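*Asks:* Quick one: this structure, given as structure tokens, is what I'll be asking you about.
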Amino acid sequence: MSTDRHSTTFAALADPTRRAILARLALGEASVGELAEPFDMSLPAVSKHLKVLERAGLIARGREAQWRPSRLEVGPLKDIADWLEHYRRFWEQSLDRLGVYLRELKAKEEKKRGRKK
């Protein structure tokens with residue numbers, strides 16, 4: 757079954773360890789050992805997380821002699837942000853309409869109360 761790019765990105769972002777790794781890489785390149793430090797897991801386990809992130813295009817891994825630094829790739833995150841922007845605008849417009857409706861209801865209620873006095 758073929759998966760679209762957004763699904764692959766969301767699947768990679770679904771894991772809190774991978775999100776923490778991305779947050780660390782936002783500060784700069786890091787080795788597997790450096791990325792593993794805050795976690796109670798083996799280097800191979802961290803490497804598996806890195807492979808998921810790499811397949812999703814969220815990180816790139818280089819090679820400098822013995823060191824394989826990982827670095828953040830922002831393209832897929834920008835794609836997700838652009839995709840979500842449509843929905844953000846939808847919810848903002850919906851909430852704006854709700855606000856107008858509630859103000860109208862409140863004004864009608866206050867008008868009714870004013871007539872009853």
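As numbered in the working numbering, residues 757 to 873 make up the sequence shown, in order.
By construction, the Cβ of each residue, glycine as well, lies at the ideal position given by its N, Cα and C atoms.
As the structure is a prediction and not an experimental result, all values here were calculated from the model.
Assuming residue 828 and residue 836 form a contact by the criterion Cβ under 8 Å, report the distance between their Cβ atoms to the nearest whole angstrom.
*Replies:* Stepping through the sequence shown from its first residue, residue 828 is reached at position 72. Stepping through the sequence shown from its first residue, residue 836 is reached at position 80. Not a contact, Cβ separation roughly 14 Å.
*Asks:* Which two residues bound the contiguous beta strand (DSSP E) that contains residue 801?
*Replies:* Counting from 1 along the sequence shown, the entry for residue 801 is found at position 45. Unbroken run through residue 801 is the alpha helix (DSSP H), 799-811; no beta strand (DSSP E).
*Asks:* For residue 781, report the span of its alpha helix (DSSP H) as first-last.
*Replies:* On the sequence shown, residue 781 is found 25 positions in, with the first residue counted as 1. Residue 781 -> alpha helix (DSSP H) spans 772-781.
*Asks:* Compute the beta-carbon to beta-carbon distance between residue 818 and residue 825, rounded to the nearest angstrom, for a pair I have assumed lies under 8 Å.
*Replies:* For the purposes of this step, residue 818 is identified with residue 62 of the sequence shown, where counting begins at 1. For the purposes of this step, residue 825 is identified with residue 69 of the sequence shown, where counting begins at 1. That pair is a contact at about 5 Å.
*Asks:* Using 8 Å for Cβ pairs, my map puts residue 839 next to residue 762. What's the rounded Cβ distance?
*Replies:* The residue labelled residue 839 in the question sits at position 83 within the sequence shown. The residue labelled residue 762 in the question sits at position 6 within the sequence shown. The Cβ separation is near 6 Å, so the contact holds.
*Asks:* Span of the alpha helix (DSSP H) holding residue 827?
*Replies:* If you number the sequence shown from 1, residue 827 lands on position 71. From DSSP, residue 827 is part of no alpha helix (DSSP H) but of the beta strand (DSSP E) over 826-828.
*Asks:* To the nearest angstrom, how far is the alpha carbon of residue 766 from that of residue 864?
*Replies:* Counting from one through the sequence shown, the residue named residue 766 turns up at place 10. Counting from one through the sequence shown, the residue named residue 864 turns up at place 108. Using only the alpha carbons, I get a separation of about 45 Å.
*Asks:* Can you say whether residue 758 is buried or exposed, counting buried as having 16 or more other CB atoms within 10 angstroms of its CB?
*Replies:* Here residue 758 corresponds to residue number 2 of the sequence shown, with the count starting at 1. In this predicted model, residue 758 has a pLDDT of only 49, less than 50, meaning its place in the structure is not dependable; the value taken from the coordinates is given anyway. Result: exposed.
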